[in-house]
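Count the sequence shown with mature numbering (1 follows the signal peptide of the UniProt record, and there is no 0) and you get residues -23 to -1, 1 to 341, in order.
This report refers to the structure that appears directly beneath it.
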Amino acid sequence: MTLTRRTMLTGMLGAGLGLTACAPTDPTVHASGDEEADAVATTPAATPPAFPTVDRTIATGLAVPWSLAFLADGAALVSERATGRVLRVDGSGGVDEVGVVPGVAPQGEGGLLGLALSPDESALYAYLSSEADNRLVRMPFHGGLGTPEVLVEGIALARNHQGGRLRFGPDGMLYVTVGDAADGSRSQDPNDLAGKILRLDADGQAAEGNPFGTRVWSLGHRNPQGLAWDGDRMWAAEFGQDTADELNRIEPGGNYGWPAVEGAGGDPAYVDPIVTWPTSECSPSGLEIDRGVAYLCALRGQGLWVIPLAGDGAGTPQKAFDRELGRLRCVALAPDGSLWVTTSNRDANGTPGTDDDRILRVAI
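This is the structure in structure tokens:
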């Protein structure tokens, strides 16, 4: 990374990000309700990352890579939505098949979706679509995949809105995003796992301290697909319908309004998003945070949104790689401090090139 690139992002995260968006394609930053956080939302991190640049292509020819889970040795496990395969990809571009997850039934947006490694790397968790439902499974992992154990089943299945992101939080609990299965009424039903973010223990049960005493951590979601933490603050990215895609700060027990509200409605019964985008400019999926800056993959928007965070608020997003790489699905922070970003140009909504889909190493 060069001094020029770092200086550019410092300027963007500082004075330049206080400007109010005005073009119809621009994102909108909403007040967080925390006056102190809002006042410093445009203050850059002490050592801000450089603006993202593609360093090199790590892997090519993948079949709709959906999730990345890094190993301690710097390689990543990668899920292929369309094939059910789990691949091991190292930084030099080596690609090896670890195994195929049984029972995966790709249809619509479903298939093999999120992956998460247990903290000791002895087990791999996967969120998948079967013939009958969406489900969470756990497999022993010792360089290969063991027999899956179903931890959560019966999650509503449709062609669209599966959710599917898995991440272990800083509290050691497993968080799962679940879409509404194209039925918004499920999002407000506290007894239905669809349209929720779940917080689970290692065995898939409700984690201690959950707000409702169930697996549900937050509700009122349409199709959340990104999860990341800035310290102890949890953030999630969510697909809107026609009006507004969202970046939300997640509160335990928070109701995010779907289907009554899309975007910021100002209703005190619901938690408003911190940032919204026109759906043509985002369709958010993967989310990562490093040194106070959020990175958000845009599918329809075909880029990587760079969003400075401060407290509970955010500065004005800037877009990297605008329409240059196609649809972007997943972003993850590698052990070496770079970002790995996956394309999703072979998912029936993109225009694939001869080397798609790809994993790219992005310097920050």
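Glycine included, every Cβ here is placed at the ideal spot set by N, Cα and C.
Check: Cα-Cα separation, A18 to H7; Outcome: In this prediction, A18 scores a pLDDT of 47, lower than 50, which makes its location untrustworthy; the coordinate-derived value is nonetheless stated afterwards. When rounded, the distance between both Cα atoms is 11 Å.
Check: When T34, E57, T37, G38 are compared against L45, the one with the closest alpha-carbon; Outcome: E57
Check: Distance, E223 Cα to F216 Cα; Outcome: 7 Å
Check: Per DSSP, cross-strand counterpart(s) of I174; Outcome: T154, S195
Check: Other residues of its chain near G189: CB distance less than 8 Å, five sequence neighbours each side excluded; Outcome: The sequence shown places Phe at residue 189, rather than the Gly named in the question. Contacts found: P167, G230.
Check: Where the beta strand (DSSP E) containing T30 begins and where it ends; Outcome: 30 to 36
Check: Residue environment, Q182, which counts as buried when at least 16 other CB atoms sit within 10 Å; Outcome: exposed
Check: Per-residue burial, H119 [other beta carbons within 10 Å of its own, 16 or more giving buried]; Outcome: exposed
Check: C-alpha distance - V339 paired with T191, whole-angstrom precision; Outcome: 39 Å
Check: Distance between beta carbons of G61 and G88, contact taken as under 8 Å; Outcome: 7 Å
Check: Per-residue DSSP class, three states only, for Q84; Outcome: coil
Check: Contact set for I266: own chain, Cβ-Cβ below 6 Å, skip 5 residues either direction; Outcome: A205, D207
Check: Between the CA atoms of N322 and P329 - distance to the nearest angstrom; Outcome: 5 Å
Check: Interface flag, E98 vs chain D, CB-CB below 8 Å; Outcome: Any reference to chain D falls outside this structure, which holds one protein chain only.
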